[in-house]
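A.B. asks: Got a structure for you, written out below as structure tokens; questions coming shortly.
Protein chains: 2
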Amino acid sequence: MTENPSVAVVAAWAALLRAERRVVSAVEADLKAADLLSPLEYDILLELGRAGAAGLRPMELEARLGLAQYRVSRLLDRLRKSGAARRRPCAEDGRGALVVVTDEGRRLLKSMWPTYAAAIVRHLGARLDSVEASELARLLGVVTREAKS
Amino acid sequence: MTENPSVAVVAAWAALLRAERRVVSAVEADLKAADLLSPLEYDILLELGRAGAAGLRPMELEARLGLAQYRVSRLLDRLRKSGAARRRPCAEDGRGALVVVTDEGRRLLKSMWPTYAAAIVRHLGARLDSVEASELARLLGVVTREAKS
DNA sequence: TTTATTTAAATGCATCTGCATATAGAAAAT
DNA sequence: ATTTTCTATATGCAGATGCATTTAAATAAA
């Protein structure tokens, strides 16, 4: 036990692994049952939607969602193939791409929300009161920000 | 927005996805860099270790870790192939298996801990004080237990 | 300029995951 | 006792992920 990495931290780590597996796979199952996109694909379309007609660079998506480069590349491939997104040439950088959500993508995004929201409530919301939910969001937010001083 | 699934719940959901991706992939990277097992494999060996010579049924692992049946089956395959676990016939149930950690598995488990603990501290612990860590563990624990009344 | 270095994105290949199903033994029904 | 149904685990196959590398363009160095 090297140097006791604080029992609480290890407990939080273990709980994070377990909670994520349980909740995410349950939500994913609900979405799949309704023949919809995965949460990750939803997130990408959401970002693209916010970016509007200007589109977004894959590297930007990579940074915002914290995904590996190749993963974004292939996720976009699939969204493109399914008709939810399309590419535009990038004026400032010839290597780059700009990815834009299509109308169909927007419709899909919108149509997913009721099911998605219901799944979130069912598998996460139903287990927390609103104070707990806020606190959980806050703590998880802290975790993804900069290291403590 | 179906019925406003409480902004806080959606925030917690989004934060859970992000935090898990960031922290888990960072820890996994540290383990991989040291040529060690994944956190999931560690967990399995840990459970097997606790079960001792009696071993554990795959279905029991499935339940404890919240994993899909086929996933456990293949994870055990690999642990077996790598020499960290082995099978014993199951007396009470001819269909079943009993999986036992090997000495090599125990050594591996033990040798992993310093690196694993350091990674947990680095990528999770360093961002939380001990009160926050406990609170996070508690809230994530609540999420994996039964639904609220 | 030409050449070297870096950066954005894509891709071949091996592994892993998820789904559906197979196998085989246990428990229940007849 | 047979047959049916159910349960525990494994597995073929398709799709996804991760790694390493490629391609092509941008930037820096010469």
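Keeping their order, the protein sequence lines are chains A and B.
The first sequence begins at 1448 in my numbering and counts up one residue at a time.
The second sequence begins at 1448 in my numbering and counts up one residue at a time.
Glycine included, every Cβ here is placed at the ideal spot set by N, Cα and C.
Determine the direct distance from the alpha carbon of residue 1591 (chain B) to that of residue 1585 (chain A), and round the result to whole angstroms.
C.D. replies: For residue 1585 (chain A) and residue 1591 (chain B), the distance between alpha carbons rounds to 18 Å.
A.B. asks: So the beta strand (DSSP E) residue 1532 (chain A) belongs to, where does it begin and stop?
C.D. replies: Looking at the DSSP string, the run of the beta strand (DSSP E) that includes residue 1532 (chain A) is 1532-1536.
A.B. asks: Taking the DSSP output, what are the residues bridged to residue 1503 (chain B)?
C.D. replies: DSSP, once it has assigned bridges, lists B:1546 as partnering residue 1503 (chain B).
A.B. asks: Hey, quick one: how far does the alpha helix (DSSP H) through residue 1529 (chain B) stretch, first residue to last?
C.D. replies: Run containing residue 1529 (chain B): none; DSSP gives neither H nor E here.
A.B. asks: Hey, out of A:1480, A:1514 and A:1537, whose CA is closest to residue 1500 (chain A)'s CA?
C.D. replies: Ranking the options by Cα distance to residue 1500 (chain A), first place goes to A:1537.
A.B. asks: Between which two residues does the alpha helix (DSSP H) containing residue 1475 (chain A) stretch?
C.D. replies: That run of the alpha helix (DSSP H) goes 1454-1480.
A.B. asks: Per DSSP, what kind of secondary structure is residue 1521 (chain B) in: helix, strand or coil?
C.D. replies: Residue 1521 (chain B): helix per DSSP, three-state reduction.
A.B. asks: Using a Cβ-Cβ cut-off of 8 Å, state whether residue 1486 (chain A) counts as contacting chain B.
C.D. replies: Chain B, which has a Cβ nearer than 8 Å to the Cβ of residue 1486 (chain A), makes this yes.
A.B. asks: Do we get a CB-CB distance below 8 Å when we pair residue 1558 (chain B) with the residues of chain A?
C.D. replies: False, the Cβ-Cβ gap to chain A never drops below 8 Å.
A.B. asks: Could you round the C-beta distance between residue 1577 (chain A) and residue 1453 (chain B) to whole angstroms and report it? I think they count as a contact, below 8 Å.
C.D. replies: At roughly 6 Å, the Cβ-Cβ gap stays under 8 Å, so residue 1577 (chain A) and residue 1453 (chain B) are in contact.
A.B. asks: For a quick check, are the C-beta atoms of residue 1530 (chain B) and residue 1492 (chain B) less than 8 Å apart?
C.D. replies: Cβ distance not < 8 Å, so residue 1530 (chain B) and residue 1492 (chain B) don't count as in contact.
A.B. asks: Any C-beta of chain B sitting closer than 8 Å to the C-beta of residue 1530 (chain A)?
C.D. replies: No, residue 1530 (chain A) lies away from the interface with chain B (no Cβ there is under 8 Å from its Cβ).
A.B. asks: Please check if any C-beta of chain B sits within less than 8 Å of the C-beta of residue 1582 (chain A).
C.D. replies: Judged by the 8 Å Cβ criterion, residue 1582 (chain A) is in contact with chain B.
A.B. asks: Taking only the alpha-carbon atoms, compute the straight-line gap between residue 1556 (chain B) and residue 1543 (chain B) and give it to the nearest angstrom.
C.D. replies: C-alpha separation (whole angstroms): 25 Å.
A.B. asks: Use the C-beta contact count for residue 1541 (chain A): other C-beta atoms within 10 angstroms, 16 or more gives buried, fewer gives exposed.
C.D. replies: Exposed: under 16 other Cβ atoms inside 10 Å.
A.B. asks: Which of the three DSSP states is assigned to residue 1607 (chain A) in this structure?
C.D. replies: Absent from the model: residue 1607 (chain A). The displayed extent of chain A is 1448 to 1596, so no value can be given.
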